[in-house]
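Residue numbers (my numbering): 164 to 624.
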């Protein structure tokens, strides 16, 4: 006998007797989904028939031991997870189709410790296809079990029998509960299947990796539902036409969300990039206008990135603006500051900003590099020599101090740069690397005169 189902709104939680396009309570459209209705025991029912509940415990008496982790075999992935995968955690790996999610997780099966039992559940490929892909990636498969199944009840049955240490689901959108009338991939099905896996993970201590595809809007299907249910959300970023991939944590209950992992897609799978700065600066043009190098902090790691800009006179009434890798509103603010405080008339020009390598920068320390790249493109003059810059730009055109200056300077010096332009306010408590000239500036006008117009100023070591 099938379980009864109910319909509810994912926005306000209001239950309705049937499916409808618009919620009658909050007025939201296309938010009503279906889920099983589990009957609640009556007050007079025997205690043995009631659902067993956890009793409250005093906070001071709870176990305060640190969480147990294991290494996945990828140092870059372990860094993003906060030092390894936590036992009993639920990790969602999202990204566009073909970006490398399945490749990453299948390679984990070959790199993980042999004593850890892994179950790889695929709803998109047959067992033969998985075997062919594993051979191409060099995955031996000892201690790895493969199951081609999409019904969640069958998967849970296998889990009870096999009792693995790690479960990989590829992908969550292909699973379905036969008790629901909705199709696989719908919000109701995704929510119900994820909740079943969450309950199993927390009760048995199995670490679960879920693959989640993105929709046309660039978000994981049922994003709000899944983000609240899982412990960690990882996004695989990058262009399919490029070899490099960036793994970023959007949510992590057991670590920082600022760390990134860098991979390179090769013929035999993903390879870790231990030196992201060298990768992002590969092929950088020399003595070319419109390019500037900055140092940003991603988590605890300083990374050098190249920001390029193109500024051309506009023939339209509304100049065209485009920004990749730098948040659009911040890029527009920097253009306004450049015109008003820097004295460059870029208001009537088309402006394009791009961060090489597909890196998305949210560090305010990249403001000065963006300003100088735009000024260099506008003046059609290259930025002087091997110089890197960093600093936050205010609306009055002043430069503000940024965090972790010494690690930035050490990375700039390690990559062979001979000079660095940085805010004057960060002058104190510096540990300047040997051979790196430090040029302190107070405003963007001063920085433009030094970097673009090549006006000589005194340097401090």
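The C-beta atom is built at its ideal place from N, Cα and C for all residues, glycine as well.
On the DSSP letters alone, give me the boundaries of the alpha helix (DSSP H) that residue i sits inside.
| i | result |
| --- | --- |
| residue 358 | 350-367 |
| residue 586 | Unbroken run through residue 586 is the beta strand (DSSP E), 582-586; no alpha helix (DSSP H). |
| residue 476 | Residue 476 -> not in any alpha helix (DSSP H); beta strand (DSSP E) instead, spanning 464-476. |
| residue 574 | 568-577 |
| residue 611 | 607-614 |
| residue 509 | Neither: residue 509 is in no alpha helix (DSSP H) and is coded neither H nor E. |
| residue 441 | 439-444 |
| residue 499 | 491-503 |
Looking only at its chain, what residues have a beta carbon closer than 7 Å to the beta carbon of residue i, apart from the 5 residues adjacent to it on each side?
| i | result |
| --- | --- |
| residue 450 | 545 |
| residue 416 | 394, 395 |
| residue 405 | 521 |
| residue 385 | Low confidence applies to residue 385: its pLDDT is 49, below 50, so where it sits in the model is not reliable, and the reading given next is rough at best. Taken in chain order, the residues that qualify are 350, 353, 354. |
| residue 596 | 572, 573, 576 |
| residue 325 | 282, 308 |
| residue 122 | The structure shown does not extend to residue 122, since the chain is modelled only from 164 through 624, so no value can be given for it. |
Check whether the Cβ atoms of residue i and residue j lie closer than 8 Å to each other.
| i | j | result |
| --- | --- | --- |
| residue 483 | residue 495 | no |
| residue 389 | residue 256 | no |
| residue 573 | residue 470 | no |
| residue 522 | residue 468 | yes |
| residue 236 | residue 269 | no |
| residue 247 | residue 399 | no |
| residue 338 | residue 330 | no |
| residue 506 | residue 477 | no |
| residue 474 | residue 509 | yes |
| residue 534 | residue 497 | yes |
| residue 457 | residue 552 | yes |
| residue 558 | residue 418 | no |
| residue 562 | residue 601 | no |
| residue 518 | residue 487 | yes |
| residue 440 | residue 578 | yes |
| residue 612 | residue 431 | no |
| residue 560 | residue 504 | yes |
| residue 615 | residue 542 | yes |
| residue 445 | residue 472 | no |
| residue 582 | residue 452 | no |
Can you list, in chain order, the residues of its chain with a C-beta nearer than 8 Å to that of residue i? Leave out the 5 residues immediately preceding and following it.
| i | result |
| --- | --- |
| residue 184 | 192, 193, 195 |
| residue 277 | 305, 306 |
| residue 407 | 401, 425, 426, 427, 428, 436, 442, 520, 521 |
| residue 526 | 459, 460, 461, 565 |
| residue 606 | 504, 560, 561, 562 |
| residue 241 | 234, 235, 247, 248 |
Could you tell me the boundaries of the beta strand (DSSP E) in which residue i lies?
| i | result |
| --- | --- |
| residue 270 | It is not in any beta strand (DSSP E) - residue 270 instead sits in the alpha helix (DSSP H) that spans 264-274. |
| residue 600 | 600-604 |
| residue 171 | 168-172 |
| residue 658 | Residue 658 is absent from the model: the chain starts at 164 and stops at 624. |
| residue 484 | 484-487 |
Apart from the five residues just before and just after residue i, which ones in its own chain have a Cβ nearer than 6 Å to its Cβ?
| i | result |
| --- | --- |
| residue 375 | 255, 257, 335, 383 |
| residue 423 | 409, 411, 461 |
| residue 360 | 371 |
| residue 328 | 279, 280 |
| residue 231 | 250 |
| residue 617 | 547 |
| residue 608 | 505 |
| residue 413 | 396, 398 |
| residue 171 | 178 |
Any C-beta of chain B sitting closer than 8 Å to the C-beta of residue i?
| i | result |
| --- | --- |
| residue 219 | Absence of chain B from the displayed structure is noted, only one protein chain being present. |
Touching or not, the region 328-335 and the region 278-295, by the rule of three or more beta carbon pairs under 8 Å?
Touching, yes.
Quick one: complete alpha helix (DSSP H) runs, 4+ long, within the region 512-565?
Listed in chain order, the complete alpha helix (DSSP H) runs (minimum 4 residues) inside the region 512-565 are 530-542.
Is the number of C-beta pairs between the region 296-304 and the region 346-356 that are closer than 8 Å three or more?
No, they do not touch.
Would you list, in sequence order, the uninterrupted beta strand (DSSP E) runs of no fewer than 3 residues that lie entirely inside the region 245-333?
Fully enclosed beta strand (DSSP E) runs of 3 or longer: 253-258, 281-285, 307-311, 329-333.
Cβ pair count under 8 Å reaching 3, the region 472-482 against the region 579-596
Touching, no, given that fewer than three Cβ pairs across the two stretches are closer than 8 Å.
Of all the alpha helix (DSSP H) runs that stay within the bounds of the region 174-199, which reach a length of 4 or more residues?
List check, alpha helix (DSSP H) in window: nothing returned.
Could you tell me which whole beta strand (DSSP E) segments of length 3 or greater appear in the region 376-435?
Given a length threshold of 3 residues, each whole run of the beta strand (DSSP E) inside the region 376-435 is given here in chain order: 395-400, 407-415, 423-429, 432-435.
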